[in-house]
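Novice:
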Amino acid sequence: ALDMACADMANQAPVIAGSYLAEQLKNPARDCGAHHDHFRATHPETNWKVCLDHAEKIGIGTKMYEIREI
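Under my numbering, the first residue of the sequence shown carries the number 5, and numbering increases by one thereafter.
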């Protein structure tokens, strides 16, 4: 769950102007939903979610989480 929460928070972070990510998001060929997936926008050939899916499938953990502010 920690890995999923970190990835979700990274994807919710604002895009820094002039960054590689910002440049990639301007490219219509990179769209395919990548605007909500900063990892895929910068590395489209990589499916980072497959590791989390596999770990959940074999019982190592879950992608479900709840953020609690303290």
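Backbone N, C-alpha and C fix where the C-beta goes; we use that ideal spot for every residue, glycine too. Everything numeric in this text was worked out from a predicted model, so none of it was measured.
1. Assign tyrosine 24 to one of three DSSP states: helix, strand, or coil.
2. If we count Cβ pairs, one from each stretch, closer than 8 Å, do we get three or more for the region 61 to 70 versus the region 13 to 26?
3. So, is alanine 14 buried or exposed, given that buried needs 16 or more other C-beta atoms within 10 angstroms?
4. Roughly how many angstroms lie between the CA atoms of alanine 45 and isoleucine 74, to the nearest whole one?
5. Please go through the same chain and pick out, in chain order, the residues whose beta-carbon is closer than 7 Å to the beta-carbon of alanine 59, but skip the five residues on each side of it.
Specialist: The relevant details are as follows:
1. Start at 1 with the first residue of the sequence shown, and residue 24 comes out as number 20. Reduced to three states, the DSSP call for tyrosine 24 is helix.
2. no
3. Here residue 14 refers to the residue found at position 10 when the sequence shown is read from its first residue. Answer is exposed; the Cβ neighbour count stays below 16.
4. What you label residue 45 is simply residue 41 of the sequence shown in a count that begins at 1. What you label residue 74 is simply residue 70 of the sequence shown in a count that begins at 1. Spanning the two alpha carbons is a distance of roughly 32 Å.
5. Reading the sequence shown from its first residue, position 55 is the one you call residue 59. Once the five neighbours on either side are set aside, the close Cβ partners of alanine 59 are Gly65.
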